[in-house]
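As numbered in the UniProt record's numbering, residues 1 to 115 make up the sequence shown, in order. Every residue gets a Cβ at the ideal spot worked out from N, C-alpha and C, and that includes glycine. Since we're looking at a predicted model, the values are computed, not measured.
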Amino acid sequence: MDGLLNSLMTELRRGTLTLAVLSRLQAPQYGYSLVQSLEDSGIPIEQSTLYPLLRRLEKQELVTSYWDTTESRPRKYYLLSDFGKVIYVQLKEEWLRSSKIMNGLLEGEGENGAD
């Protein structure tokens with residue numbers, strides 16, 4: 001049972017992490033600052049989860065990256081692309097719509113498809 005629950009929770013969390021990361025990339029962030037920002041918002045994320053997600057988002061052209069070498073330690077910054085901003089707004093709207101529906105279902109409302 002624990003294995004099944006963990007698997008289902010991982011599946012549920014996967015989509016929410018994508019939206020959470022996109023929400024934090026309105027302004028440039030480097031990996032560690034992104035981890036901190038998410039954790040400060042109550043969303044723990046491992047770097048071993050974050051970096052593959054960032055690479056996937058970059059491959060999907062939702063995120064762009066660039067290196068800042070002006071500091072003593074070079075850092076790779078990530079930022080929503082223009083396409084990523086459009087997709088983010090649509091995903092956010094879908095999340096808000098779906099969350100409202102799910103909250104109604106989980107609170108026992110809308111049992112017959114109506115609020």
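C-alpha gap between residue i and residue j, whole angstroms
i      : j      : result
Leu91  : Asp2   : 30 Å
Leu25  : Gly108 : 35 Å
Gly104 : Leu19  : 21 Å
Ser7   : Thr16  : 15 Å
Ile101 : Ile45  : 27 Å
Arg14  : Ser99  : 16 Å
Val35  : Ser23  : 13 Å
Leu12  : Thr69  : 37 Å
Pro28  : Asp82  : 13 Å
Tyr88  : Glu94  : 10 Å
Leu4   : Leu106 : 21 Å
Leu43  : Thr49  : With the sequence shown as reference, residue 43 is identified as Ile, and Leu is not the correct amino acid for it. Between Ile43 and Thr49, the C-alpha separation is close to 12 Å.
When the options are compared against residue i, the one with the closest alpha-carbon
i     : options                       : result
Gln67 : Tyr77, Leu4, Glu58 and Gln60  : The question names Gln, but residue 67 in the sequence shown is Trp. Nearest of Tyr77, Leu4, Glu58 and Gln60 to Trp67, Cα basis: Tyr77.
Tyr51 : Ser41, Asp40, Gly42 and Ser33 : Ser33
Gln60 : Ser41, Met9 and Gly84         : Gly84
Contact under 8 Å by Cβ, residue i with residue j
i     : j     : result
Glu58 : Thr64 : yes
Leu62 : Leu38 : no
Ala53 : Val21 : Sequence check: residue 53 is Leu here, not Ala. Against a cut-off of 8 Å, the Cβ pair of Val21 and Leu53 comes out as a contact.
Cβ shell of residue i (< 8 Å), same chain only, five flanking positions each side left out
i     : result
Arg97 : none
Cβ shell of residue i (< 6 Å), same chain only, five flanking positions each side left out
i     : result
Pro74 : Trp67
Cβ shell of residue i (< 7 Å), same chain only, five flanking positions each side left out
i     : result
Gln47 : Gly31 and Val35
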